[in-house]
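Trainee: Next up is a structure, given as structure tokens.
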Amino acid sequence: MRIDTPVAIVGAGPAGLLLSHLLHLEGIESVVIEIRSRDYVEHRVRAGVLEQGTVDVLDECGAAERMHREGLVHRGIELRFDGRRHRIDFPGLTGGRSIVVYGQQEVVKDLIRLRLAAGGRILFEADDVSVHDLESSAPRVRFLKGGEEIELACRIVAGCDGFHGVCREAIPAGVLSFYERVYPFAWLGILAQAPPPSEELIYACHERGFALYSMRSPAISRLYLQVAPDEETVNWPDARIWRELNRRLGDGARLDEGPILEKGVTGMRSFIAEPMQFGKLFLAGDAAHIVPPTGAKGLNIAVADVRVLSRAIAEYFASGTETLLKAYSQTCLKRVWRAERFSWWMTAMLHRFPEHDGFQHRLQRSELDYVVSSRAASASLAENYVGLPFDT
Ligand SMILES: Cc1cc2nc3c(=O)[nH]c(=O)nc-3n(C[C@H](O)[C@H](O)[C@H](O)COP(=O)(O)OP(=O)(O)OC[C@H]3O[C@@H](n4cnc5c(N)ncnc54)[C@H](O)[C@@H]3O)c2cc1C
7 MRIDTPVAIV GAGPAGLLLS HLLHLEGIES VVIEIRSRDY VEHRVRAGVL EQGTVDVLDE
67 CGAAERMHRE GLVHRGIELR FDGRRHRIDF PGLTGGRSIV VYGQQEVVKD LIRLRLAAGG
127 RILFEADDVS VHDLESSAPR VRFLKGGEEI ELACRIVAGC DGFHGVCREA IPAGVLSFYE
187 RVYPFAWLGI LAQAPPPSEE LIYACHERGF ALYSMRSPAI SRLYLQVAPD EETVNWPDAR
247 IWRELNRRLG DGARLDEGPI LEKGVTGMRS FIAEPMQFGK LFLAGDAAHI VPPTGAKGLN
307 IAVADVRVLS RAIAEYFASG TETLLKAYSQ TCLKRVWRAE RFSWWMTAML HRFPEHDGFQ
367 HRLQRSELDY VVSSRAASAS LAENYVGLPF DT
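Below, the structure is given as structure tokens:
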């Protein structure tokens, strides 16, 4: 079967779904192909911090109604180290900006509902997805759906299929340059039915390793522990997790413990593929770049990418001009690298590195001390955390 569509979008994560909706608002239809089921993508727990710019984009495209009702506006974060607690006050340091905590899976649910209500086409559970003729003016995407072979004939392919997708891999060897840093630790993340010790995120730099607390709702907490890169969840029964969280995050008071609903280990890496384009294939989000989650930037740079891409595609279909499409990669990479720098810096400042000696430990402490004692340094952290303006 052949389906004609102006834009084929591979991947129904936040990047692919939002791109499809932004294009729809520009009068451009698309087909989204997703390897997983709708239920799976709607319940995949990942990021949860939305920058002001991301909130603004969701607002502009009518996808923010439930987020405003259920999301939690956070006006700061707390840094804990050496028994000290220090609050970074976002509005006070950034001229009134803040963040919203709202699970990525909720953003995905909202976007899927919105797309389907507007007649959008999302084909879930597609197998053997492959992309072809990317350097021609008529690229194609092929896949199997329920055993049937389907071909999407299109003019633009958006590779929004995440880090392990097929689109980046389809670009011939030698075209892309890769920049990568793999960190010598991972995060063990849990979702727990436990009331929060604080409404705001707590970042703890402890001699036993980093820990992070975040609140997903008044009854649900998301907590992370720095663990070895090859760690497995079977080694972490619930009691051990709570004991370790109490050691690293606790400041005398015990955390409220509750049933652990989900547990997973995530590796930490920085990765960028340049350029984010090959012929008529445009990579967006995790397909092109990965950040360690310490700076809460992954979802936000994916949103920034597709906002740039939707405008470039709209210009192309309105006038045949490729000016914005040609500038797409360069426009996005400027912001991507800033997010990469901030995520690397937060990661380096807050984690225990196995190879660090006494000199490096003391530098790390000195960095933290500077951040909490200098208004300029606190403002730099706050400005990056709430998100640099989308157009920089
Ligand atoms: C375990 C985990 C925890 C994270 N935690 C945080 C966090 O706390 N804070 C933060 O800011 N960021 C976090 N991130 C990063 C953040 O979730 C991502 O940056 C964000 O999901 C990027 O969105 P995306 O749409 O580009 O990619 P994805 O969300 O990965 O979406 C890609 C989609 O493509 C689909 N797909 C893959 N291959 C194919 C194929 N061949 N054909 C069709 N579809 C395909 C996938 O199933 C998926 O639905 C985390 C990531 C992971 C993996």
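Numbering of the sequence shown is given in this note's numbering, commencing with residue 7 and proceeding in unit increments. Quick reminder that beta carbons are idealized off the backbone N, C-alpha and C, glycines included. As the structure is a prediction and not an experimental result, all values here were calculated from the model.
(1) Does the segment 274 to 291 come close enough to the segment 126 to 143 to have 3 or more Cβ pairs within less than 8 Å?
(2) Roughly how many angstroms separate the alpha carbons of residue 88 and residue 253, rounded to a whole number?
(3) What distance in whole Å lies between the Cβ atoms of residue 355 and residue 336, which are believed to be in contact at a cut-off of 8 Å?
(4) Could you tell me the alpha carbon to alpha carbon distance between residue 113 and residue 17, rounded to whole angstroms?
(5) Going by DSSP in three states, residue 352 sits in which element: helix, strand or coil?
(6) Verify the contact flag: residue 42, CB atom, against every heavy atom of ligand 1, threshold strictly below 7 Å.
(7) Are the Cβ atoms of residue 476 and residue 316 separated by less than 8 Å?
(8) Give the list of continuous alpha helix (DSSP H) stretches no shorter than 4 residues that lie fully inside the segment 227 to 273.
(9) Span of the beta strand (DSSP E) holding residue 220?
(10) Who does residue 84 pair with in a DSSP beta bridge?
(11) Could you tell me whether the segment 343 to 353 touches the segment 164 to 183, using the rule of 3 or more Cβ pairs below 8 Å?
(12) For residue 21, which residues of its own chain have a beta-carbon under 6 Å away from its beta-carbon, when the five flanking residues on both sides are left out?
(13) If you draw a straight line from the C-alpha of residue 194 to the C-alpha of residue 101, how long is it?
(14) Apart from the five residues on each side of it in sequence, which residues of its chain come closer than 6 Å, Cβ to Cβ, to residue 353?
(15) Looking only at its own chain, which residues have a Cβ that is under 6 Å from the Cβ of residue 216, when we skip the five neighbours before and after it?
(16) Going by alpha carbons, who is nearest to residue 161 out of 63, 147, 169?
(17) Do residue 214 and residue 118 count as a contact pair if the criterion is CB distance below 8 Å?
(18) Hey, is the segment 365 to 379 in contact with the segment 321 to 339, meaning 3+ C-beta pairs nearer than 8 Å?
(19) Can you check DSSP and say which residues form a bridge with residue 78?
(20) Less than 7 Å between the CB of residue 95 and some heavy atom of ligand 1, yes or no?
(21) If I measure Cβ to Cβ from residue 143 and keep anything under 8 Å in the same chain, skipping five residues before and after, which residues do I get?
(22) Evaluate contact between the segment 118 to 133 and the segment 232 to 246, counting only Cβ atoms and requiring at least three cross-stretch pairs below 8 Å.
(23) Per DSSP, what kind of secondary structure is residue 145 in: helix, strand or coil?
(24) Assuming residue 51 contacts residue 268 (C-beta within less than 8 Å), just tell me the rounded distance between them.
(25) Measuring CB to CB, does residue 302 end up less than 8 Å from residue 79?
(26) Who are the near neighbours of residue 93 in its chain, counting only those whose CB is closer than 6 Å to its CB and skipping five residues on each side?
(27) Is residue 105 near ligand 1, judged by its Cβ being under 7 Å from some heavy atom?
(28) For residue 199, count neighbouring C-beta atoms within 10 Å of its own C-beta (all shown protein chains included) and say buried if the count is 16 or more, exposed if not.
(29) Only counting the same chain, and skipping five residues up and downstream in sequence, which positions put a Cβ closer than 8 Å to that of residue 399?
Mentor: If we stick to the structure as given:
(1) yes
(2) 12 Å
(3) Residue 355 and residue 336 do not touch by the CB rule: their CB atoms are close to 29 Å apart, not below 8 Å.
(4) Residue 113 and residue 17 have their C-alpha atoms some 15 Å from each other.
(5) helix
(6) yes
(7) With the chain covering only 7 through 398, there is no way to say anything about residue 476.
(8) 244 to 255
(9) It spans 215 to 223 - the beta strand (DSSP E) in which residue 220 sits, taken as one unbroken run.
(10) 93, 208
(11) These segments do not touch.
(12) 166, 290, 291, 308, 312
(13) 34 Å
(14) 298, 300
(15) 232, 356, 357
(16) 147
(17) no
(18) no
(19) 107
(20) no
(21) 161, 286.
(22) no
(23) coil
(24) 6 Å
(25) no
(26) 82, 84
(27) no
(28) exposed
(29) The question about residue 399 has no answer here: the residues shown for the chain are numbered 7 through 398.
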